[in-house]
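Please read the structure below before turning to the comments.
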Amino acid sequence: MKKIFIILSLLFSAHFTFAQSSILNIGLKGGVGSSKFTFDESALASEADREASWHVGLMARIKIPVFGIYVQPEVYYSRTQGQIEVLQGLGGNESFSQDRIDIPVLLGWRLGLDVIAIRFNAGVVGIIMLDNGLDDLSNTLLETETNDFIWGYQAGVGVDFWKLSFDARYEGNFNKFIEESAGVNIDGRINQWVFSLGYWF
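As structure tokens, this is what we get:
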């Protein structure tokens, strides 16, 4: 958490330093999503239905004076929810939720006017697991080996209107969230659709 506070302090300091130049903007964002947990076919568990997710945090935009190109780092707290369908007679569907810190860094292209524009962006996201939620399951996926940090990717489109930003993105993972369960190798990953509303200061 100390690292998160340092990141936030640096973002705000940079914002006030460069506010007059309009190179850097800082804003708040929040939104909802639809998350799903997927597993390989040989696993003890299988994917189930999508569940609602939500997030809230900060965003920054660094404008590069070349054809509307920009870099957009973000940091936000999110809660994802999902279901696991446990196979081989180990149980039925189990629901759980995860608390995490997401840190996307996106490269984007903005096309339009100062007041209204459409955007396209894509990049990487670092996911820090605060609580993976598996401890809340009754008796499934015992002795599960998980990763506390995951590299993922985001890609999507957005619209800017005045000081508001609307975004729709897809998020996937480069590496596994669940590595192993009960001695069986599992390729467990998280994907979600993310919809956000942001406000620039």
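Counting with mature numbering (1 follows the signal peptide of the UniProt record, and there is no 0), you get residues -19 to -1, 1 to 182 for the letters of the sequence shown.
Note that beta-carbon positions come from the ideal geometry of N, C-alpha and C, so glycine has one too.
Exposure label - residue i; buried when at least 16 CB within 10 Å
i: leucine 123; result: Caution is warranted here: a pLDDT of 49 is assigned to leucine 123, below 50, making its placement in the model unreliable, and the coordinate value is therefore given only provisionally. Per the 10 Å Cβ criterion, exposed.
i: alanine 41; result: buried
i: isoleucine 50; result: exposed
i: valine 138; result: exposed
i: lysine 17; result: buried
i: serine 59; result: buried
i: leucine 144; result: Note on identity: in this sequence residue 144 is lysine, with leucine being the wrong assignment. With fewer than 16 other Cβ atoms within 10 Å, it is exposed.
i: aspartate 141; result: buried
i: aspartate 148; result: buried
i: isoleucine 97; result: exposed
i: glycine 179; result: buried
i: phenylalanine 48; result: exposed
i: arginine 170; result: buried
i: phenylalanine 158; result: buried
i: valine 175; result: buried
i: isoleucine 82; result: buried
i: isoleucine 45; result: exposed
Beta bridge counterpart(s) of residue i as assigned by DSSP
i: tryptophan 181; result: Gly8
i: lysine 44; result: Tyr51
i: tryptophan 132; result: Gly107
i: tryptophan 35; result: Val13 and Arg60
i: tryptophan 174; result: Ser15 and Tyr151
i: serine 3; result: DSSP output for serine 3 lists no bridge partner at all.
i: aspartate 141; result: Ala98 and Ser146
i: phenylalanine 77; result: Gly63
i: aspartate 83; result: Tyr57 and Ile108
Beta carbon of residue i nearer than 9 angstroms to that of residue j
i: isoleucine 55; j: isoleucine 84; result: Checking the sequence shown, residue 55 turns out to be glutamate, not isoleucine. Contact: yes.
i: leucine 5; j: glycine 38; result: no
i: histidine 36; j: glycine 63; result: no
i: serine 88; j: valine 52; result: According to the sequence provided, residue 88 is leucine. The question's serine does not apply to it. Going by C-beta atoms, leucine 88 is nearer than 9 angstroms to valine 52.
i: leucine 106; j: tyrosine 151; result: Note on identity: in this sequence residue 106 is valine, with leucine being the wrong assignment. Not closer than 9 angstroms, so no.
i: tryptophan 132; j: phenylalanine 155; result: yes
i: alanine 78; j: glycine 114; result: According to the sequence displayed, residue 78 carries serine and not alanine. The answer is yes: Cβ separation under 9 angstroms.
i: alanine 136; j: glycine 104; result: yes
i: glutamate 32; j: serine 3; result: no
i: asparagine 172; j: threonine 19; result: yes
Proximity test, Cβ basis, 9 angstroms: residue i and chain B
i: isoleucine 131; result: In the structure shown, chain B cannot be found, because there is only a single protein chain.
Whole runs of the beta strand (DSSP E) within the stretch 90 to 117, excluding any shorter than 3 residues: 97 to 112
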